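In what follows, a single structure is set out as structure tokens and then discussed.
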Amino acid sequence: RLSVDVLHAHSRALGVSAAIARGLCRTLGLRRVRYVYTWHGYYDTSSPLKRLWYAALLAADGLIFPSAALRDAVRASFGSAVRADAEAIHRGVRSAREARRDEGAPEPPLALPAPTAGSFRVLLPGRLSPSKGHDLLASAAAHALAEGDGVPALEVALIGARPAQLARGHLSPATAEPPPLGPSASAWRSCYERRLRDAMDAAARAANARRPGRLRFELRPHGALSAAYAAADLVAVPSR
Numbered sequence: 001r002l003s004v005d006v007l008h009a010h011s012r013a014l015g016v017s018a019a020i021a022r023g024l025c026r027t028l029g030l031r032r033v034r035y036v037y038t039w040h041g042y043y044d045t046s047s048p049l050k051r052l053w054y055a056a057l058l059a060a061d062g063l064i065f066p067s068a069a070l071r072d073a074v075r076a077s078f079g080s081a082v083r084a085d086a087e088a089i090h091r092g093v094r095s096a097r098e099a100r101r102d103e104g105a106p107e108p109p110l111a112l113p114a115p116t117a118g119s120f121r122v123l124l125p126g127r128l129s130p131s132k133g134h135d136l137l138a139s140a141a142a143h144a145l146a147e148g149d150g151v152p153a154l155e156v157a158l159i160g161a162r163p164a165q166l167a168r169g170h171l172s173p174a175t176a177e178p179p180p181l182g183p184s185a186s187a188w189r190s191c192y193e194r195r196l197r198d199a200m201d202a203a204a205r206a207a208n209a210r211r212p213g214r215l216r217f218e219l220r221p222h223g224a225l226s227a228a229y230a231a232a233d234l235v236a237v238p239s240r
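In terms of my numbering, the sequence shown opens at residue 1 and continues consecutively.
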């Protein structure tokens with residue numbers, strides 16, 4: 001009923017589900033559905049069971065890797081099971097060809113306030129998930145400012161929050177209660193969001209105790225990422 005032509009899976013569990021769905025569609029003669037898988041990490045391949053599992057992922061009609069290094073590492077482990085046309089699509093920065101293609105097309109607004117004079121802006125692009133390490137960045141920012149007055153004021157922009165996570169915009173050391181997350185938020189994600197807010201509030205309170213305004217956090221949804229990169233002094237990727 002949905003007239004699906006392509007199944008694109010990102011996680012390992014969903015990748016196997018997509019492979020099974022493609023097989024069922026072909027067996028039952030429903031549609032010729034193609035299955036594309038994006039391989040995201042350096043996975044443990046030591047056990048035969050895991051290698052069998054990953055073989056189902058590699059049997060996709062199209063393979064995407066976020067870097068050539070990861071593609072080469074998987075190819076070194078699985079050999080010819082990795083398609084010859086497996087694509088490495090690097091994230092974050094548009095190529096010159098893409099820039100020319102998009103020339104004249106306006107980007108959505110970044111909606112970040114102008115940085116304070118003399119401050120240093122750190123950008124972490126990514127969804128609010130434990131694997132992205134936002135809490136590690138909050139702790140590192142507080143640690144850096146504790147080293148002495150020679151470190152400039154830090155403005156940490158977290159780009160990738162969902163609308164329900166933006167109820168109060170930026171976090172300041174005066175905040176005590178987290179904003180409502182909405183009934184649709186899953187329990188595990190809500191727990192991480194609360195812990196992250198606590199970590200950012202604690203870091204800001206510690207950093208701003210002697211000199212207010214030394215550390216500020218901004219939560220923003222996905223927007224014009226190229227503009228966000230251009231506005232940042234440093235991009236942090238503390239993924240676990």
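C-beta atoms are modelled at their ideal positions from N, C-alpha and C, and glycine is treated no differently.
A quick note: this is a predicted structure, and the numbers were derived from the prediction, not measured.
> Would you call the CB atoms of Ala18 and Leu28 closer than 7 Å?
Replying inline: Locating residue 18 in the sequence shown gives position 18, where the first residue counts as 1. Locating residue 28 in the sequence shown gives position 28, where the first residue counts as 1. No, they are not a contact pair.
>> What does the alpha-carbon distance come out to for the pair Ser139 and Thr116?
In response: As a working note, residue 139 is residue 139 in the sequence shown. As a working note, residue 116 is residue 116 in the sequence shown. Each residue's Cα considered, the two are about 21 Å apart.
> Taking the DSSP output, what are the residues bridged to Ala68?
Replying inline: Counting from one through the sequence shown, the residue named residue 68 turns up at place 68. Beta-bridge pairing links Ala68 to no other residue.
> Does the Cβ of Ile89 have 16 or more other Cβ atoms within 10 Å, making it buried, or fewer, making it exposed?
Replying inline: Along the sequence shown, one-based indexing puts residue 89 at 89. It is exposed - the Cβ of Ile89 has fewer than 16 other Cβ atoms within 10 Å.
>> Rounding to the nearest angstrom, what Cα-Cα distance links Ala142 and Tyr229 in this structure?
In response: Sequence index remark: in the sequence shown, residue 142 carries index 142 (1-based). Sequence index remark: in the sequence shown, residue 229 carries index 229 (1-based). Here the alpha carbon of Ala142 sits roughly 22 Å from the alpha carbon of Tyr229.
> Which runs of the alpha helix (DSSP H) fall wholly inside the region 38-69 and span at least 4 residues, in chain order?
Replying inline: If you keep only unbroken alpha helix (DSSP H) runs of at least 4 residues inside the region 38-69, you get 48-58.
> Between Leu196 and Ala157, is the Cβ-Cβ spacing less than 7 Å?
Replying inline: Position 196 of the sequence shown, counted from the first residue, corresponds to residue 196. Position 157 of the sequence shown, counted from the first residue, corresponds to residue 157. No; because the gap between Cβ atoms is not below 7 Å, this pair is not in contact.
> Can you give the beta carbon distance from Pro120 to Ala153, rounded, assuming they're within the 8 Å contact cut?
Replying inline: Walking along the sequence shown from the start, residue 120 turns up at place 120. Walking along the sequence shown from the start, residue 153 turns up at place 153. Sequence check: residue 120 is Phe here, not Pro. Here Phe120 really is in contact with Ala153; their C-beta atoms are around 7 Å apart, less than 8 Å.
>> In whole angstroms, give me the CA-to-CA distance for Ser3 and Arg31.
In response: The count along the sequence shown starts at 1 and reaches residue 3 at position 3. The count along the sequence shown starts at 1 and reaches residue 31 at position 31. When rounded, the distance between both Cα atoms is 8 Å.
> Given Pro173, which residues of its chain have a CB within under 7 Å of its CB, disregarding the five upstream and five downstream residues?
Replying inline: Along the sequence shown, one-based indexing puts residue 173 at 173. With a pLDDT of 32 at Pro173, under the threshold of 50, the modelled position of that residue is not reliable, and no figure is offered here.
>> Measuring only the C-alpha atoms, how far is Arg22 from Arg75?
In response: For the purposes of this step, residue 22 is identified with residue 22 of the sequence shown, where counting begins at 1. For the purposes of this step, residue 75 is identified with residue 75 of the sequence shown, where counting begins at 1. Answer to the nearest angstrom: the Cα atoms are 24 Å apart.
>> Can you tell me whether Gly160 is buried or exposed? The criterion is at least 16 other CB atoms within 10 Å of its CB, across all chains shown.
In response: In the sequence shown, residue 160 corresponds to position 160, counting from 1. Counting C-beta atoms within 10 angstroms of its own C-beta, Gly160 has 16 or more neighbours from the protein chains shown and is therefore classed as buried.
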